[in-house]
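K.L.:
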Amino acid sequence: MVDLESEVPRLPPRYRFRDLLLGDQNLPNDDRVQVEFYANESTFKETLKLFFIKNQRSSLRIQVFDFSLKVLSCILYMCRVLTDDPSKGHGWSPIMWVERKIQRKKKHDCSLLCPQGNIWEQIIRLTFILEMVNTVPFLLTVMWLPLRNLFIPVFLNCWLAKHALENMINDLHRAIQRTQSAIFNQVLILISTLFCLIFTCICGIQHLERAGKNLTLFDSWYFCVVTFSTVGYGDVTPNVWPSKLLVIIMISVALVVLPIQFEQLAYLWMERQKSGGNYSRHRAQTEKHVVLCVSSLKIDLLMDFLNEFYAHPGLQDYYVIILCPTEMDPQVRRVLQIPLWSQRVIYLQGSALKDQDLIRAKLDNAEACFILSSRCEVDRTAADHQTILRAWAVKDFAPKCPIYVQILKPENKFHVKFADHVVCEEEFKYAMLALNCICPATSTLITLLVHTSQGLEGQQSPEHWHRTYGKCSGNEVYNIAMRDSVFFSEYMGKSFTYTSFKSHKKYGVCLIGVCREDSKSILLNPGPQFRMSPNDTCFYINITKEEYSTFKTQRERMVSRPRLPVPSVIASMGTVAIDLQDAGCKPHCGPTLCLPPEDFKGNSRRPSISPVLEVPDTSSLHTGDLYSDQSEDENLPSDEDVSTEDYVKGYSPNLPYIGSSPTLCHLLKEKVPYCCLRLEGGCQHNNFEDAKVYSFKNKLIIVSAETAGNGLYNFIVPLRASYRLKKELNPIVLLLDNQPDTQFLEAICWFPMVFYMVGSIDNLDDLLRCGVSFAANMVVVDKESTMSAEEDYMADAKTIVNVQTLFRLFSSLSIITELTHPANMRFMQFRAKDWYSLALSKLEKKEREKGSNLAFMFRLPFAAGRVFSIGMLDTLLYQSFVKDYIISITRLLLGLDTTPGSGFLCSMQISEDDLWIQTYGRLYQKLCSTVGDIPIGIYRTESQMADSSEVPSRCSNNQTDIELPPVAGGLHRSSTSSDPSDGKAPLLRRKSMQWARKLSWRGPRGNQRGAQRGAQQGLRARRSERQELAELVNNRMKSLGLSATAYGERPHLGRDVFVGLLVGFPRPGIEGKIRYVLVDLIDNFKTQCSQKCIIKCVEHNTTNVFKNIFTLWSSSAR
1 MVDLESEVPR LPPRYRFRDL LLGDQNLPND DRVQVEFYAN ESTFKETLKL FFIKNQRSSL
61 RIQVFDFSLK VLSCILYMCR VLTDDPSKGH GWSPIMWVER KIQRKKKHDC SLLCPQGNIW
121 EQIIRLTFIL EMVNTVPFLL TVMWLPLRNL FIPVFLNCWL AKHALENMIN DLHRAIQRTQ
181 SAIFNQVLIL ISTLFCLIFT CICGIQHLER AGKNLTLFDS WYFCVVTFST VGYGDVTPNV
241 WPSKLLVIIM ISVALVVLPI QFEQLAYLWM ERQKSGGNYS RHRAQTEKHV VLCVSSLKID
301 LLMDFLNEFY AHPGLQDYYV IILCPTEMDP QVRRVLQIPL WSQRVIYLQG SALKDQDLIR
361 AKLDNAEACF ILSSRCEVDR TAADHQTILR AWAVKDFAPK CPIYVQILKP ENKFHVKFAD
421 HVVCEEEFKY AMLALNCICP ATSTLITLLV HTSQGLEGQQ SPEHWHRTYG KCSGNEVYNI
481 AMRDSVFFSE YMGKSFTYTS FKSHKKYGVC LIGVCREDSK SILLNPGPQF RMSPNDTCFY
541 INITKEEYST FKTQRERMVS RPRLPVPSVI ASMGTVAIDL QDAGCKPHCG PTLCLPPEDF
601 KGNSRRPSIS PVLEVPDTSS LHTGDLYSDQ SEDENLPSDE DVSTEDYVKG YSPNLPYIGS
661 SPTLCHLLKE KVPYCCLRLE GGCQHNNFED AKVYSFKNKL IIVSAETAGN GLYNFIVPLR
721 ASYRLKKELN PIVLLLDNQP DTQFLEAICW FPMVFYMVGS IDNLDDLLRC GVSFAANMVV
781 VDKESTMSAE EDYMADAKTI VNVQTLFRLF SSLSIITELT HPANMRFMQF RAKDWYSLAL
841 SKLEKKEREK GSNLAFMFRL PFAAGRVFSI GMLDTLLYQS FVKDYIISIT RLLLGLDTTP
901 GSGFLCSMQI SEDDLWIQTY GRLYQKLCST VGDIPIGIYR TESQMADSSE VPSRCSNNQT
961 DIELPPVAGG LHRSSTSSDP SDGKAPLLRR KSMQWARKLS WRGPRGNQRG AQRGAQQGLR
1021 ARRSERQELA ELVNNRMKSL GLSATAYGER PHLGRDVFVG LLVGFPRPGI EGKIRYVLVD
1081 LIDNFKTQCS QKCIIKCVEH NTTNVFKNIF TLWSSSAR
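Here is the structure:
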């Protein structure tokens, strides 16, 4: 083999060392080739293209210069016409020859040097022909002197100027990077075309008439205007045939060109109306606006947003830019044409994922961006994914713009954690439904708190509770720095409990929370150990902000006698609701409000209450008066509830989703096997097949849902929170349409008395197996598969009918329903011949005509907390634009978040033995001085028994007295007392019934005997129907092997009717003058030993007797 290495000579050592240091830099460059890129652009033709066409600035300069020359030539032509004397010519010679006193020069169109496309296409273009008509004769006149006065139609340069103007505008838009200019270009083309037609006709007729009447330029202008406007006076007419022919040609051209231009303009205008146009940069910099991003916009969503957003006086000058990818709904279009909204709302069709659409909305200059999800989608996860992408796009485009995001599924919340405010729909929904089971009407409270109202609803109603309820609906949560407050500044250094009590007593406001200056955590009722400091931020409930209030002393009020009472200025708090809870509860047990000595009970003088101390005294804070001690309840098990020994307090070891707030709950020491979580399915650990076999001490809470989503976890947590007494924990049964997954079972297997069952609310057998016959509450959650329907408001049809069936079968069952549309709540517990419900329907219509966004508040199911729509909480996100604390406070009230040292929500029922307290002001003092709790509301009900002893007219309308008379000398039970002094109560009862009949009566009146006979027949028919339903249920329970005694032990109790939810503002000298007395249900009151807060209300200058009170409980007091 040949040795290849021997053929290559070795390099000298110096070269090898130099190559080692310098690498390839010293190699010879003989084989290298220099490559020049884009050589095609270096030619003369491409250079001209680059200068005249491609380069935006140079092209714009050339177009401006060309346009100026064309306009100048037309102006010079008109000057020549005005200085010309056509009388010197004879015959047709003035048409061909003119006396040109002004010499002019003409330049060639440089764009001809670089034609585009086929050369014949360039030659037959109209602009090229006009250029040749004006250029070639000009060259001839320059080259040959006898042709110097040859006529050249220079006025045709107007069309070339129009073409140059279009090119100039296009280059200008390219230079300023303006892309949305189609309609502007079309309007410019239309105007320039019309001008060119008229100008050509004027100059042409004037020149051709040089051989006739020698019309002046003004006469020609007059003739063209009259002719094109189709008036045709006939005083000025062309005489020679060339001018007549020109008129015919110009009219024909106008009839062809102008309709095409108008059609294109109309098309672009319609497209602009659909897309919404633009929001100008100048307006964005000089005005304030917010952007609302939605996937589809419905009229209800729009009106809720506009009413809530513009309810704040500081937002009246803001503009709302709606960015929606779909075409505008006809109903939305009609609303936006109303002058109230047309001047402040702009609709833009576009996507938040496109930067061009975000530029159109001027998002980078917006004050805020609201991103809402479409809850009516079948696939709610996909709707959340779209919301997440919109939030990301907005954050990427405008990082400094505040973002307010509404999300549906809790597991998707952590993707938008960067947003300034986030509201998760399912979190709030399930927590609110859970609290509705133990604190009635929580949904009503929260809904009224997050809706802005002036408290004018129901003020024209003859019913007292309508006026009170409507007035109290205006209460909201406000904040103020303590050092700047008139309400609270005088209590600096005092305890929180003392400050709350004294401010309520003096001003009628309810202090519920506080936030330290160096902390972002809000504390609800931190307790009497908390000292107020000047830099604290106080959160209080009132009908208006302190800044909008005026103050007058008692002496000033007596002298000035203001037209409006003080309660309308220094507002009260209040809410009203109907207690449709089970009236067959067991008798009250447990402690009462520390009963006074026996000698005080028969005395008209009220027993004294210990004062609230400025500085807390731990020895005075005890819980035995109101609540049994929780630690004793836990450490000393009784014979009735030994199973609670297996409970421990702790945090759930398996959270169902990322971002779930850890809450201290009652947990089992060992988790329950998955097989034991199924209620009706026996396993190797037990053989229980229905709820009755478990022998629960407390009544069930049943939840009917389609799937076991992660949001359902937030229903269980508030009911198993550590501050709930173990002996009062209600068993929870989840009635699911689909089998839950393993992840959900792992999350709930640590909670005590939580079961699930696969079944449907449509099936009576499934309902009986899960224990509906002896349940305390039945919660019906809106199903995702039925949230969308072809017809609006029909998405709730199946849910409403199923709930109505449950209501007819189990009339004493408390049913809490979630609906998609709030307008459908009028169908809950529907009675076609209920006079009182029909009267409330008319009242709702009147309030809606007045423009109220809370017209539904008078519906009995809503006031009772029996029906709820998540759409009512949309205003929570809208209010957070002004009140950045409202979401945090709401989460604390619902138990979604916990803060060390903060109180929580609970309710306490008042028994007959507790009525010695008499007034709400004394109750406030009693709770503050003993346990440090802050009461914030009263929930009062009245029940009507449907028995044979009732008067037929009362049976037919189920109406009871709403406004009861004053009771002198103490508190009595008007329904059971035989005292003749109660004779006014039936009179007021009849007045209330007459009001309902007056509003709902239709048709002639019959005689009294016939009406009574018809009512008695209806009563017998209803009893027969109830007996048939009871027999049906009993037979089904027997066939399933279930005990029918539970169903038979629960008699039909008729309907609970609202009496009032009031909170009195104590004033010396008026106590005892007005009292509201409970009727019919006083024997069923029981005291519950829960521990936290809930509902709002204060009625100034009123002394009240109450059933339920809701308090902000202080953990430090215990």
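Start counting the sequence shown at 1; every next residue gets the next number (the UniProt record's numbering). Heads up, the beta-carbon is just placed ideally off N, CA and C, and yes, glycines get one too.
Within the UniProt domain "RCK N-terminal" (287 to 423), note down every full beta strand (DSSP E) run reaching 3 residues or more, in order along the chain.
P.N.:
289 to 293, 319 to 324, 345 to 349, 368 to 371 and 403 to 407
K.L.:
Check each candidate in Leu854, Leu1040 and Ala398 and name the one with the smallest Cα separation from Asn307.
P.N.:
Leu854
K.L.:
Going by beta-carbon coordinates alone, are Tyr507 and Thr499 separated by less than 8 Å?
P.N.:
no
K.L.:
Which residues mark the beginning and the end of the beta strand (DSSP E) in which Ile512 is found?
P.N.:
Cys510 to Cys515
K.L.:
For Ser902 versus Leu664, is the C-beta distance shorter than 8 Å?
P.N.:
Taking 8 Å as the cut-off, the beta carbon of Ser902 is found no closer than this to the beta carbon of Leu664.
K.L.:
Answer with buried or exposed for Arg831, where buried requires no fewer than 16 other C-beta atoms within 10 angstroms of its C-beta.
P.N.:
exposed
K.L.:
Looking at the unbroken beta strand (DSSP E) that takes in Glu476, where does it start and where does it end?
P.N.:
Glu476 to Ala481
K.L.:
Hey, Lys409 and Asp384 are a contact pair by Cβ (cut 8 Å); roughly how many whole angstroms apart?
P.N.:
5 Å
K.L.:
Give the secondary structure of Phe868 by DSSP, where H, G and I count as helix, E and B as strand, and everything else as coil.
P.N.:
strand
K.L.:
Around the C-beta of His289, are 16 or more other C-beta atoms found within 10 angstroms, so that it is buried, or is it exposed?
P.N.:
With a threshold of 16 other beta carbon atoms within 10 Å, His289 meets it and is buried.
K.L.:
Comparing C-alpha positions only, which one of Cys510, Met532 and Pro528 sits nearest to Arg516?
P.N.:
Met532
K.L.:
DSSP beta-bridge partners for Phe755?
P.N.:
Under DSSP, Phe755 forms a beta bridge with Val733.
K.L.:
Rank Thr898, Thr135, Ser461 and Pro900 by C-alpha distance to the C-alpha of Lys471 and give the top, closest one.
P.N.:
Ser461
K.L.:
Residues in the same chain with beta-carbon distance under 7 Å from Val569, minus the five sequence neighbours each way, listed in chain order, please.
P.N.:
For Val569, the predicted structure reports a pLDDT of 31, less than 50, and the residue's modelled location is therefore unreliable. A value from the coordinates is still provided. Result list for Val569: Ser549 and Thr550, in chain order.
K.L.:
Could you pull out every residue in the same chain whose Cβ sits closer than 8 Å to the Cβ of Val257, ignoring the five residues on either side in sequence?
P.N.:
Thr193 and Leu197
K.L.:
Measure the C-alpha to C-alpha separation of Ser722 and His666 and round it to an integer number of angstroms.
P.N.:
5 Å
K.L.:
For Lys649, does the three-state DSSP call read helix, strand or coil?
P.N.:
strand
K.L.:
For a test of the three-state rule: what should DSSP assign to Met168, helix, strand or coil?
P.N.:
In this structure, Met168 counts as helix in the three-state DSSP scheme.
K.L.:
What does a CB cutoff of less than 6 Å around Asn714 pick up in its chain, not counting 5 residues either side in sequence?
P.N.:
Glu427, Tyr430 and Ala431
K.L.:
Have a look at Arg80 and Glu166 and give me their C-alpha separation to the nearest angstrom.
P.N.:
27 Å
K.L.:
Is the beta carbon of Leu408 within less than 7 Å of some heavy atom of the ligand FAD?
P.N.:
The ligand FAD is not part of this structure, which contains no ligands at all.
K.L.:
Kindly identify the DSSP beta-bridge partner or partners of Thr537.
P.N.:
Ala481 and Cys515
K.L.:
What are the residues that DSSP puts in a beta bridge with Ala775?
P.N.:
Leu700
K.L.:
Return the Cβ separation of Tyr540 and Leu511 in integer angstroms, given the expectation that the two are a contact with Cβ distance under 8 Å.
P.N.:
So it is a contact: roughly 5 Å between Cβ atoms.
K.L.:
Cα separation between Thr141 and Met132?
P.N.:
14 Å
K.L.:
Do the region 831 to 846 and the region 432 to 452 touch if we need at least three Cβ pairs shorter than 8 Å?
P.N.:
No, because fewer than three Cβ pairs between the region 831 to 846 and the region 432 to 452 fall closer than 8 Å, the two stretches do not touch.
K.L.:
Is it buried or exposed for His685, if we count other Cβ within 10 angstroms and need 16 for buried?
P.N.:
Exposed is the call here.
K.L.:
Give the DSSP bridge partners of Asn542, in chain order.
P.N.:
Glu476
K.L.:
Name, in chain order, the residues that DSSP records as bridge partners for Ser660.
P.N.:
Answer is none; Ser660 lacks a bridge partner.
K.L.:
Please confirm whether Val247 and Ile189 have their CB atoms less than 8 Å apart.
P.N.:
no
K.L.:
How many Å lie between Leu735 and Phe530 at the Cα?
P.N.:
44 Å
K.L.:
Please report the residue range of the alpha helix (DSSP H) in which Leu806 lies.
P.N.:
Ala797 to Leu809
K.L.:
Report the rounded CA-to-CA distance for residue 1120 versus Ala775, giving the unit in angstroms.
P.N.:
Nothing in the structure corresponds to residue 1120, since the chain is present only between 1 and 1118.
K.L.:
Is the region 355 to 370 close to the region 388 to 404, with three or more CB pairs under 8 Å?
P.N.:
yes
K.L.:
Determine the closest residue to Leu893 out of Gln186, Gly350, Phe262 and Thr447, with distance taken between C-alpha atoms.
P.N.:
Thr447
K.L.:
Does His282 pass the burial test, meaning 16 or more other C-beta atoms within 10 Å, or should it be called exposed?
P.N.:
Classification for His282: exposed.
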